[in-house]
Structure formats: C-alpha cells, structure tokens
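Only one structure is covered here, and it is reproduced in the block below.
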Amino acid sequence: MKWSAEAWAAAAPIYEEILRLPFIEELRVGTLAPTKFQFYLAQDSHYLAHFGRALALLGARAPALADALAFIRFAEGAVVVESALHQSYFQDFGVADTGQPEPACHHYVHFLKSTAALDAVETAMAAVLPCFWIYQEVG
C-alpha cells in the first residue's frame, strides 16, 4: 500500500468528522447563514494567500524540476484563480473587508509556511496534502 493510501486511511475518522461539521452540513443543504459564509470567505482569502506562499516555497525547494513546476502552478492557482473566485463571491455576498486572520487561520498558515521553509521537503509536502485532499473530497 502506498504511503498516501495509508495516510488517507488513517485520516478517515477525521474526514468523517469534517463531513459532520455544522458548517459543512449547512453549506451542503443551503441553510448556512450569510454572515457565516462571509466570515468563511474572509478567512479563506487569508488562508489562500499564505497557502500559495507555502506552495511557492515548496516549489523553490523541490529537488525535481517537475515537482518544482507543479508546486509553482499550485501556488499560482491558489493566489490567482482562487482569489478571482473569491472577489466575485465578495461582491455577491457583500464582503467589503476581510479584516485580520483569526488565530486558528493565522497559526495554521504560519505552520504551513514555516514547515515549507524549514522542514524536510517531504515533510512539507505531507503538511500541505490535507488541503488538496479535503477540498477535492468535500468541495
């Protein structure tokens, strides 16, 4: 079994908890309060900007050129494509100011950037993997 398959299997209980979060359930069925979605958009915009930087750091440190290019493209996607999507949502949902990142967002992106910059490249890749997995599975 590949490491990634083992990691996903080990994370299965956490993934199931994520699916049961009230935010996810309310978003899925269309009952999420607009203020909660506005808060999410603001925090996610902070997250994506810093996540993109973590991915760029990984791109700079990746030993294989193909991996470096992939992470640079992922970084661009996080910053450019997702930001454009958020801007349209900001307009649609009346988000005028994103404010400051809340502590959970701040600390998580700091962890990602410091891991991407200072830890072994393989460890840093493992640190960013959950974002890709959860967004792919949950949406």
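Under the UniProt record's numbering, residues 1 to 139 are what the sequence shown spells out, in order.
Don't be surprised by glycine CBs; every beta carbon is placed ideally from N, CA and C.
Taking 8 Å as the cut-off, the Cβ atoms of S45 and H110 do not count as close. The straight-line gap separating the alpha-carbon atoms of L57 and F93 is approximately 32 Å.
The shortest C-alpha to C-alpha distance from E82 to any of A49, H107 and L55 is the one to A49. According to the DSSP assignment, K2 belongs to no alpha helix (DSSP H), since it is labelled neither H nor E. Between A78 and G99, the C-beta gap is not smaller than 8 Å, which leaves the two residues out of contact. Along the UniProt domain "Thiaminase-2/PQQC" (8 to 138), the alpha helix (DSSP H) occurs as fully enclosed runs of 4 or more residues at 22 to 29, 34 to 61, 65 to 76, 82 to 93, 103 to 118 and 121 to 138, listed in sequence order. The beta carbon of E102 is closer than 7 Å to those of Q43 in its chain, skipping five residues each way along the sequence. Annotation: A124 to A116 spans about 5 Å, alpha carbon to alpha carbon. Within 10 angstroms of the beta-carbon of Y47 lie 16 or more other beta-carbons, which makes it buried. Counting every other CB atom within 10 Å of its CB across the protein chains shown gives K36 a total below 16, marking it as exposed. In this structure, V128 keeps its C-beta atom at 8 Å or more from the C-beta atom of R61. Between L112 and A54, the gap from beta carbon to beta carbon is short of 8 Å. Considering only R28, F23, G59 and P63, the residue with the shortest C-alpha distance to R73 is G59.
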